[in-house]
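I have placed the structure first, in the form of structure tokens, so that the comments after it can refer back to it.
Here it is, written out as structure tokens:
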């Protein structure tokens with residue numbers, strides 16, 4: 017339930033779909049939902065999140081207009097302790113982690129874009145979780161909660177830095193290992209011949225070339 021505070025950030029996205037109204041009052045913008053007994057899956061652009069059905073109290077069409085916010089006078093009168101700081105954006109988390117581990121910001125941003133499309137709640141068909149798409153086993157080894165965006169990005173960036181060091185800062189090898197696993201890179205002594213991995217590296221290299229104005 018720690019991620020529910022992020023749903024309000026996602027609710028403003030300009031996409032077709034519906035709003036899932038949660039028991040805590042938050043409204044999450046989703047493309048569709050599927051109920052399955054005690055569970056419900058909420059689908060968005062690059063994945064889904066699975067919640068207990070009791071957490072979602074209703075669904076509303078996208079045309080729904082939320083009630084007006086509390087007036088300025090009431091907001092000013094509220095005690096300072098009631099003010100909740102906004103959660104860092106995915107890009108802010110990426111930049112902070114890149115600085116922490118000495119990596120180019122554009123590299124961490126590009127990996128995050130390729131992995132999750134900047135969706136904190138992304139879950140891949142293989143079970144990879146969050147902004148940096150950490151597998152549960154990898155997250156456990158790195159000592160991180162993959163469902164916590166800050167821990168997810170920190171651990172994913174640290175793992176990327178470790179892979180760069182492992183492969184003597186060979187970027188293609190490190191990216192291939194992040195996508196397909198170090199075992200596959202070691203097996204083929206380089207980028208494995210997997211279409212998904214080759215396309216993954218190509219997308220990231222394209223963003224890096226554009227950022228640094230490098231011609232292919």
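Residue numbers (this note's numbering): 17 to 232. Ideal Cβ placement from N, Cα and C applies to all residues, glycine included. The structure presented is a predicted model; accordingly, all values stated were derived computationally and were not measured.
Under DSSP, residue 66 takes part in a beta bridge, and its partners are 57. Minimum Cα-Cα distance from residue 71 among the listed residues 52, 202, 37, 117 corresponds to 37. Note: residue 52 is bridge-paired with 55 in the DSSP secondary-structure output. Rounded to whole angstroms, the gap between the alpha carbons of residue 103 and residue 162 is 16 Å.
DSSP places residue 216 within a helical segment (H, G or I) once states are collapsed to three. C-alpha of residue 56 to C-alpha of residue 146: approximately 18 Å in a straight line. Within the same chain, 126 come within 6 Å of residue 223 by CB-CB distance, once the 5 residues on both sides are set aside. Bridge pairing for residue 127: absent [DSSP].
It is roughly 6 Å from the alpha-carbon of residue 114 to the alpha-carbon of residue 120. Here residue 169 carries a helix assignment [DSSP, helix/strand/coil]. Secondary structure note for residue 72: it is in no alpha helix (DSSP H), and the uninterrupted beta strand (DSSP E) holding it is 72 to 77.
Spatial neighbours of residue 219 in its own chain (CB-CB distance under 6 Å, excluding positions within 5 residues in sequence) are listed in chain order as 130. Judged by DSSP in its simplified three-state form, residue 150 adopts strand. Sequence-distant partners of residue 151 (beyond 5 residues in either direction) whose C-beta falls short of 6 Å from its own C-beta, in its chain, are 144. In the structure shown, residue 122 adopts helical secondary structure according to DSSP, grouped into three states.
One alpha carbon belongs to residue 111, the other to residue 77, and they sit about 35 Å apart.
Apart from sequence neighbours up to five positions away, the residues of its chain that approach residue 217 with a beta-carbon distance below 7 Å are 188, 191, 192, 207, ordered along the chain. Residue 167 places its beta carbon less than 7 Å from that of residue 160.
With contacts defined as CB atoms closer than 7 Å, residue 229 and residue 210 fail to qualify as a contacting pair.
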